[in-house]
Structure formats: structure tokens, C-alpha cells
Ligand code: GUN
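Numbering (our numbering), first residue to last: 5 to 296.
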């Protein structure tokens, strides 16, 4: 079993981004500038956005963190997004999800200008991805593709089972893994919470992408020996042995699955770090396309 090491791969990609930013600036380009919008104070979202802003500093980007109250109206949030759309200094906009229940994420995402949609969530970005046109790919699937590429895993002809059908991970993963590219060219099955006999599918999988948001959902009896496991889950579970009283686990029962498989991503230090790489690459690209 080989660990797909998010620290190693993201470190390598971040060095590439840093070099590219320096090159871009020495040619007269301006620093990429990411605006992150955080509505309310969900602790997990606070941590994710904090990490994104910290990475901007590390890579030589500018960043703006816009903290907004949980009880704001949808119209006010859309007005903020439009203000960022019209701010010539801002290259990329991300609105951290989930949003408070009274705000429609679709309405807010639709308000982001596609040229600044560095999360790749806008219908224009998703439509272009579906058609195989150049665009901003959603950050997590993009990061997973970068990881497979780094380890030179040849996915052509493999059977890839994606568990989860969200717009931000499961659905785009099925598109990217089946496209005519490398990585890609896989035969893809999409499973989800209503799939019957999930094990019948996963036991036939050469690659499993677990993105269902349930702790340790993929167990050893569901995995074919030698399979490749990509764990997208970040779930907090109680753990009395930890000072904080909790710890993070993925959607895969790592301890029991790892000995069986050929490659596996850990949680933490796996896919989460790759999501940041996807976002940062998109932000640099947005700055370059806007600066042309
Ligand atoms: N919530 C969970 N993942 C993401 C992500 O990649 N981007 C945003 N904006 N929100 C998220």
C-alpha cells in the first residue's frame, strides 16, 4: 500500500504556483487577489476559509476575507457578490458553503461572474467542464486529478466508482474520470445514498472515490484487493483520547481498508490539501486571463 500524500503533492504544486506568480509579476502582471466570503460562523467553514486565506499569503497572492452575519438577507449577499464582481482588484471570488438555510446557494453562485468563479461552481463553469471546454474546474475534483497525475496513475480502462452525487464533488468527479484525458478514460459508475447493494459496485471498482459525507462508510469488506482509494470525507467524530474530545476521519475506514489497497489518501493530509491547490491554481489562472 502506498499513501497518496497530500502534504508532498500540495507542497510540490505550491512551489510551482509560487514560481509562476513571480514570473507573472515580473512580466508586469498584478498579484492574484482572492476574495473569500464567509457568512455566519460555522466552525468548519471558519477553518477552511482561514486555511485558504493563509495559503494566499504563502503563495504571494492578495486576499480579502469578507465576514458577513448569518442573519443577512439573500439580496444583501448577492449585492456583496456583485460588488466583488465589479471590483477590478479582485480576480477570484469564493463563497464558502454551506450557507444559512434561508439563503439559496444556487442564487448566490449564479451571481458570481464566471470570469471570477474560482470554485468552478457557476453553471457556465460546470457546463464548460461537461463539454470538455477550458474552464475553472471545481477545486476538489481538480485537486484529485492533480494528485493522480503526480503519482502517474494510469486510470485508462479502470472501473471508477464514485460514491456521492454533489454538484461540487461527486458529479464533477464522474465527468472528469470519464473524459478522454489523462487521468481519465475510466469507466465510471456513480453511486449515492439511494444505491441498492452498494457493495456489488464497490467490490468491482479499481478506484473508489468516497464523497458521501459519512464517517468510515467504506469498510474493508466493500473493497477489492489492490483498489485505489480516494477519500474526500472530512468528518469530525468524538474521541475521548484527544484533548479536544474529537478527531477528523474520512468516509473510509482507513485502518482496515489501507492494508488491502494499492494506493489510499489519508484524512487529514490527503484530498483536503489538494482542494486548496485546485483553488489556488484557478485563482492564478483567473488573474492571468483577466490581466491579458
Ligand atoms: N464547502 C465545502 N467545500 C467547499 C469548496 O470547495 N468551496 C466552497 N466555497 N465551499 C465549500
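All residues carry an ideal CB built from backbone N, CA and C; glycine is no exception.
9 Å Cβ cutoff met for residue i and residue j
| i | j | result |
| --- | --- | --- |
| residue 59 | residue 34 | no |
| residue 249 | residue 239 | no |
| residue 288 | residue 65 | yes |
| residue 275 | residue 222 | no |
| residue 108 | residue 118 | no |
| residue 174 | residue 213 | yes |
| residue 101 | residue 49 | yes |
| residue 91 | residue 122 | no |
| residue 280 | residue 147 | yes |
| residue 241 | residue 219 | yes |
| residue 172 | residue 142 | yes |
| residue 265 | residue 215 | no |
| residue 93 | residue 120 | no |
| residue 291 | residue 257 | no |
8 Å contact criterion, which residue i and residue j should meet: CB distance rounded
| i | j | result |
| --- | --- | --- |
| residue 69 | residue 40 | 5 Å |
| residue 10 | residue 273 | 5 Å |
| residue 282 | residue 159 | At roughly 18 Å, the Cβ-Cβ gap does not stay under 8 Å, so residue 282 and residue 159 are not in contact. |
| residue 22 | residue 63 | 5 Å |
| residue 260 | residue 228 | Actually they do not touch by this definition, with Cβ atoms about 14 Å apart. |
Cβ neighbour criterion (16 or more within 10 Å) applied to residue i
| i | result |
| --- | --- |
| residue 124 | buried |
| residue 245 | exposed |
| residue 37 | buried |
| residue 226 | buried |
| residue 190 | buried |
| residue 269 | buried |
| residue 75 | exposed |
| residue 206 | buried |
| residue 77 | exposed |
| residue 204 | exposed |
| residue 103 | buried |
| residue 55 | exposed |
| residue 181 | buried |
| residue 176 | buried |
Residue from the options whose Cα sits closest to the Cα of residue i
| i | options | result |
| --- | --- | --- |
| residue 115 | 126, 107, 106 | 126 |
| residue 132 | 158, 183, 93 | 183 |
| residue 217 | 228, 170, 242 | 170 |
| residue 149 | 25, 179, 293 | 179 |
| residue 12 | 277, 291, 296 | 277 |
| residue 106 | 211, 73, 98 | 73 |
| residue 52 | 99, 263, 200 | 99 |
### Task
Check whether the region 127-142 touches the region 154-170, taking contact to mean three or more Cβ pairs, one atom from each stretch, closer than 8 Å.
no
### Query
Using 8 Å as the threshold, is the region 40-52 in touch with the region 77-97, meaning 3 or more CB pairs across them?
yes
### Message
Check whether the region 182-196 and the region 160-173 are in contact - that is, three or more C-beta pairs closer than 8 Å.
### Response
yes
### Residues passing the C-beta test against the ligand HEM heavy atoms, cut-off 6 Å
Among the ligands present in this structure, namely the ligand GUN, the ligand HEM is not found.
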